[in-house]
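Visitor: One rule links them: number in my numbering = place in the sequence shown (from 1) + 115. Pasting a structure here, questions to come.
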Amino acid sequence: MSGGDGQVLSGKAFLETVLKSVKKAVELANIPQDIYEFLKIPKRIVIVSIPIKHKDGKISNYIGYRVQHSDALGPYKGGIRYYPTVDLDEVTALAMLMTYKCAALSLPFGGAKGGVACNPKTLSLEEIERITRRYTHMISDIIGPYVDIPAPDVYTDARVMAWIMDTYSQLKGRQVPEVVTGKPVYLGGCEGREEATGFGVCITTREACKLLGIPLKGARIAIQGFGNVGSYAALHLSNLGAKIVAVSDSKGAVYSKEGLNIERLISHKKSTGTVLGFPGATQISERELFELNVEVLIPAAIEGVITKEVAEKVRAKVVAEGANGPTTTEGSLVLQEKEVFIVPDILANAGGVTASYFEWIQNLQREHWPRDTVLKMLEEKMVKAFSDVVDTMKKMEVGTRDAVMVLSVSRVALAVQTLGIWP
Ligand code: GLU
Numbered sequence: 116m117s118g119g120d121g122q123v124l125s126g127k128a129f130l131e132t133v134l135k136s137v138k139k140a141v142e143l144a145n146i147p148q149d150i151y152e153f154l155k156i157p158k159r160i161v162i163v164s165i166p167i168k169h170k171d172g173k174i175s176n177y178i179g180y181r182v183q184h185s186d187a188l189g190p191y192k193g194g195i196r197y198y199p200t201v202d203l204d205e206v207t208a209l210a211m212l213m214t215y216k217c218a219a220l221s222l223p224f225g226g227a228k229g230g231v232a233c234n235p236k237t238l239s240l241e242e243i244e245r246i247t248r249r250y251t252h253m254i255s256d257i258i259g260p261y262v263d264i265p266a267p268d269v270y271t272d273a274r275v276m277a278w279i280m281d282t283y284s285q286l287k288g289r290q291v292p293e294v295v296t297g298k299p300v301y302l303g304g305c306e307g308r309e310e311a312t313g314f315g316v317c318i319t320t321r322e323a324c325k326l327l328g329i330p331l332k333g334a335r336i337a338i339q340g341f342g343n344v345g346s347y348a349a350l351h352l353s354n355l356g357a358k359i360v361a362v363s364d365s366k367g368a369v370y371s372k373e374g375l376n377i378e379r380l381i382s383h384k385k386s387t388g389t390v391l392g393f394p395g396a397t398q399i400s401e402r403e404l405f406e407l408n409v410e411v412l413i414p415a416a417i418e419g420v421i422t423k424e425v426a427e428k429v430r431a432k433v434v435a436e437g438a439n440g441p442t443t444t445e446g447s448l449v450l451q452e453k454e455v456f457i458v459p460d461i462l463a464n465a466g467g468v469t470a471s472y473f474e475w476i477q478n479l480q481r482e483h484w485p486r487d488t489v490l491k492m493l494e495e496k497m498v499k500a501f502s503d504v505v506d507t508m509k510k511m512e513v514g515t516r517d518a519v520m521v522l523s524v525s526r527v528a529l530a531v532q533t534l535g536i537w538p
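This is the structure we're talking about:
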């Protein structure tokens, strides 16, 4: 399960950040203002109450959300997160990011997001299963293989997706693997899906370094967050010869000047539950990790961690956003002023949803593709999207974040305009 440190940014501030970037893209691309007003509001919001009976007979109530932002380019698509601070604004912001992420990669999907305000770290597996099944039941009327296809996000994983698939299938009276992606491989999951987001971060980081003339071999990289995204990004980047000098998790950070052995660090985290105490590494604070003298910094946990103050201390030349929304608007401005090359979230972490797309196609056709095929197709799509963003950046003389937003908001706006408003 992926994860990170406590939330820095409120849901409201996060939504404002996303809306600001959409508004800017609308202005830059000369899209009519009424299209912005249309895209500002999700098409459907569902809020559900999830009561759970604990072993001792006590009942707890959790709040769950599914926000379906836009289906102009295809069925809604997006993950479900379990996190204590989940609220409607946060889920709405994330649903909007999914719309633009899918558009940036030219995937035939719209955008949605789900969330349950709970802390899986303090719940038993049985309780997580009950929350998942009850939540799925409550949203079963608005999801479906051609309607809305959920996936994993922060603190949810393949096992949670299997429960979603099973609950939905039981309700329909037949197996419907194509209702959800990110399932275990032996249950219709896609080879390489688990590593896909981290792999995509690695590919876009490689492309950014190539563009800037930074040799990836020996490049120093610091990664905040060592969950699903951070750990696989670390693994793939170190396989390409980069030196992962620091990583963090929710308990703290570790540093090694010579570079951490990522395979060993993954086993260490598996057996001890944290990256702390890794033999040969020094413990540092998360703040120190952000300030390290490195070529690449990868925030791969939660939104809003690179604030203005943090950005002022960043020394990296490339910031690749493995997480969704890790940089605040002010943080982004500071990084831009310092000429830091940002690989924006909806490009950097789009490997996950792209592999989800491959999983969905395989499920619909009852096919199973080998890992090499998946990773090769994924790499091609990521490289193409990266070069589309660079082209837009050059053409419009804007930064990478504006460029990716101009590209994706224009694609969504064109679909909305062409489809028209009915009746
Ligand atoms: N939760 C992931 C994201 O934010 C994956 C979404 C998906 O695969 O649908 O992109």
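Here a beta-carbon is modelled for each residue, glycine too, at the ideal position from N, C-alpha and C. Because the structure is a prediction, the values reported are computed rather than measured.
Any idea if Gly226 is buried or exposed, counting beta-carbon neighbours within 10 angstroms, 16 or more meaning buried?
Guide: Gly226 is buried by the Cβ-count criterion.
Visitor: In this structure, does DSSP put Phe456 in helix, strand or coil?
Guide: Reduced to three states, the DSSP call for Phe456 is strand.
Visitor: Please name the residue, chosen from Gly392, Val433, Val390 and Lys423, that lies closest to Val409 on a Cα-to-Cα basis.
Guide: Of the candidates Gly392, Val433, Val390 and Lys423, the one whose C-alpha sits nearest the C-alpha of Val409 is Val433.
Visitor: I need the straight-line Cα distance from Val468 to Ile258, nearest angstrom please.
Guide: C-alpha separation (whole angstroms): 17 Å.
Visitor: Between the Cα of Val369 and the Cα atoms of Gly440, Phe341 and Ala208, which residue gives the shortest distance?
Guide: Cα-wise, what sits closest to Val369 is Phe341.
Visitor: Please classify Leu380 as buried or exposed, where buried requires at least 16 other C-beta atoms within 10 Å of its C-beta.
Guide: With 16 or more other Cβ atoms within 10 Å, it is buried.
Visitor: Where DSSP assigns a beta bridge to Ser125, which residues make up the other side?
Guide: Bridge partners of Ser125: none, in fact.
Visitor: Within 10 Å of its beta-carbon, does Leu154 have 16 or more other beta-carbons around it, so buried, or fewer, so exposed?
Guide: Flag for Leu154 reads buried.
Visitor: For Gly333 and Arg321, what's the separation of their Cα atoms in angstroms?
Guide: Rounded to the nearest angstrom, the two C-alpha atoms are 12 Å apart.
Visitor: Would you check if the distance between the CB atom of Tyr180 and the CB atom of Leu143 is smaller than 8 Å?
Guide: Cβ distance not < 8 Å, so Tyr180 and Leu143 don't count as in contact.
Visitor: Would you list the residues sitting across from Asp364 in a DSSP beta bridge?
Guide: Gly367, per the DSSP bridge assignment.
Visitor: Is the distance from the Cβ of Gln339 to the Cβ of Ala415 below 8 Å?
Guide: Going by C-beta atoms, Gln339 is nearer than 8 Å to Ala415.
Visitor: Taking Leu66 as the reference, give the member of Ala530, Glu309, Gly229 and Phe456 with the closest Cα.
Guide: Since the first residue of the chain shown is 116 and the last is 538, residue 66 is not available in this structure.
Visitor: Between Val291 and the rest of its own chain, which residues show a CB-CB distance below 6 Å, the 5 nearest in sequence each way excluded?
Guide: Cβ within range, chain order: Tyr283 and Ser284.
Visitor: From this set, Arg516, Ala463, Ser255 and Cys317, which residue's C-alpha is nearest Val294's C-alpha?
Guide: Out of Arg516, Ala463, Ser255 and Cys317, Ser255 has the C-alpha closest to the C-alpha of Val294.
Visitor: Do you know offhand how far Leu412's Cα is from Pro147's?
Guide: Distance between the alpha carbons of Leu412 and Pro147 is about 36 Å.
Visitor: Would you mind giving the Cβ-Cβ distance between Gly313 and Tyr347, rounded to the nearest angstrom? I have them listed as a contact below 8 Å.
Guide: Sure, about 3 Å apart at Cβ, within 8 Å.
Visitor: Name the one or two DSSP bridge partners that Lys358 has.
Guide: Arg335.
Visitor: Let me check you understand the geometry: is the CB of Ala543 closer than 7 Å to at least one non-hydrogen atom of the ligand GLU?
Guide: The chain is shown from 116 up to 538; residue 543 falls before or after that span and cannot be answered.
Visitor: Kindly indicate the opening and closing residues of the beta strand (DSSP E) around Lys384.
Guide: Taken as a continuous stretch (DSSP letters only), Lys384 belongs to no beta strand (DSSP E), being part of the alpha helix (DSSP H) at Ile377 to Thr387.
Visitor: When the distance is taken between beta carbons, is Val524 closer than 8 Å to Val137?
Guide: Yes, the pair counts as a contact, with Cβ atoms nearer than the cut-off.
Visitor: For a quick check, are the C-beta atoms of Ile336 and Ala357 less than 8 Å apart?
Guide: Yes, Cβ-Cβ distance for Ile336 and Ala357 is below 8 Å.
Visitor: Pick from Leu220, Val206, Arg486 and Lys170: whose alpha carbon is nearest that of Val527?
Guide: Nearest of Leu220, Val206, Arg486 and Lys170 to Val527, Cα basis: Leu220.
Visitor: By the three-class DSSP mapping on this structure, what secondary structure does Asn408 have?
Guide: Reduced to three states, the DSSP call for Asn408 is coil.
Visitor: From the DSSP output, read off the bridge partner residues of Gln183.
Guide: Answer by DSSP bridge pairing, in chain order: Arg159 and Ala227.
Visitor: Closer than 7 Å to a non-hydrogen atom of the ligand GLU - does that hold for the CB of Lys192?
Guide: Yes, Cβ of Lys192 sits closer than 7 Å to a heavy atom of the ligand GLU.
Visitor: Going by beta carbon distance, what residues of the same chain come within less than 7 Å of Asn478, once the five residues before and after it are set aside?
Guide: For Asn478, where only same-chain residues beyond five positions count, the Cβ hits under 7 Å are Pro292, Glu293 and Gly303.
Visitor: Short check: CB of Gly189 to CB of Ala210, under 8 Å?
Guide: The answer is no: Cβ separation not under 8 Å.
Visitor: Does the beta-carbon of Asp268 have 16 or more other beta-carbons within 10 angstroms, so that it is buried, or is it exposed?
Guide: Buried, because 16 or more other Cβ atoms sit within 10 Å of the Cβ of Asp268.
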